Amino acid sequence: MQPTFITVLCLVCLGLTRKTQSFVITPPPVECPNYLCKDKENGNYEYSFFGVVNPHYILQCSNGVASCQTCWPGNLFFRPDCNQCLFNYDDQCTATTSKPPQPTTATTTTKLSTKTTAQPQTTRLSIQCPQNECTKRGLHFSGNIADQSNHRQYIACWDGKTVGCVRCPANLVFDEIMNACVYPVAPDNNNGGLNVYL
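In my numbering, the protein residues as written are 2 to 199.
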């Protein structure tokens, strides 16, 4: 056995839950050249490199500059239509907006029949995203920050600019220290002030 594996196993056995003692494995970086954002508007996109899609990563475009990051934890799947990372790619978005279907009417010239059908319309999830939070961290800040107005999403920053917001999967909130969507925590006054996952 390798020493690293034993260390991880011991940390798990000890049940360390303090945020300051968290053991986090960073996912491997992916190639992220700026041409991935060519002809794309600012926002979040499915990550694809040479035609190979990696659903665990997000391509974030800001003024033609590409930033690629993983859905964290790394086993989550990014759904561009939801603009969020989900437990399973087929899961429903945690919030949806939809337009009521509009009936379409087709009438024949002989007026023998009139057919009305309603087709549901799919719309991309609209997320309110604060635009000035990234610059508060510095002119060249890059990373993810908690959205103080909505704990169920985080703000993606690149070079001091807001790239967009990404919504966490259902029932999870963004933890800026862990840089991950996690189950909500509450302070446990009986446990020396440590956070306890709910």
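Here a beta-carbon is modelled for each residue, glycine too, at the ideal position from N, C-alpha and C.
Since the model is a prediction, treat every value here as computed from it, not as a measurement.
Fill in: Cut-off 8 Å between Cβ atoms - residues of its own chain near P34, not counting five sequence neighbours on either side
A distance below 8 Å between beta-carbons, with the five flanking residues on each side excluded, links P34 to the following residues of its chain, in chain order: A67.
Fill in: 7 Å Cβ shell around K112 - same chain, five flanking residues per side excluded
Residue placement at K112 is poorly supported in this model, since its pLDDT is 46, which falls under 50; the coordinates are not used for a value here.
Discussion item. So, for T71: in the same chain, excluding its five sequence neighbours on each side, which residues have a beta-carbon less than 7 Å away from its beta-carbon?
Written reply: Same-chain partners within the cutoff: P28, H57 and Y58.
Worksheet item: Would a C-beta distance cut-off of 7 Å place G161 and C135 closer than the cut-off?
Response: Using a Cβ distance threshold of 7 Å, G161 and C135 count as a contacting pair.
Fill in: Host beta strand (DSSP E) of E47 (start-end)
Run containing E47: G44 to F50, per the beta strand (DSSP E) assignment.
Item to complete: Starting from the C-beta of L140, find all residues in its chain whose C-beta is less than 7 Å away, skip the five residues before and the five after it, and write them out in chain order.
Response: Excluding the 5 residues flanking it on each side, L140 has same chain C-beta neighbours closer than 7 Å at G161, in chain order.
Worksheet item: For Y90, which of helix, strand or coil comes out of DSSP?
Response: Judged by DSSP in its simplified three-state form, Y90 adopts coil rather than helix or strand.
Worksheet item: By how many angstroms is the C-alpha of C158 removed from the C-alpha of N145?
Response: Whole-angstrom Cα-Cα distance: 6 Å.
Discussion item. Quick check: L87 and L60, are their CB atoms within less than 7 Å of each other?
Written reply: Result no, Cβ atoms of L87 and L60 do not sit closer than 7 Å.
Practice prompt. Note down the Cα distance separating C94 from N84, rounded to an integer number of angstroms.
Written response: Rounded to whole angstroms, C94 to N84 spans 9 Å at the Cα level.
Worksheet item: So the beta strand (DSSP E) C241 belongs to, where does it begin and stop?
Response: In the structure as shown, the chain starts at 2 and stops at 199, and residue 241 therefore has no counterpart that could be examined.
Fill in: Same chain only: Cβ atoms within 7 Å of F142, ignoring 5 sequence neighbours per side
Closer than 7 Å at the Cβ level, and outside the excluded window around F142, lie C135, C158 and G161.
Fill in: Inter-residue CB distance, I156 and C169 (contact presumed, cutoff 8 Å)
Between C169 and I156 the Cβ distance is about 12 Å, and since that is not below 8 Å, they are no contact.
Discussion item. Suppose the cutoff is 8 Å on Cβ atoms and the five residues either side in sequence are ignored; what does the same chain contact list for K39 look like?
Written reply: Excluding sequence neighbours, K39 sits near G65.
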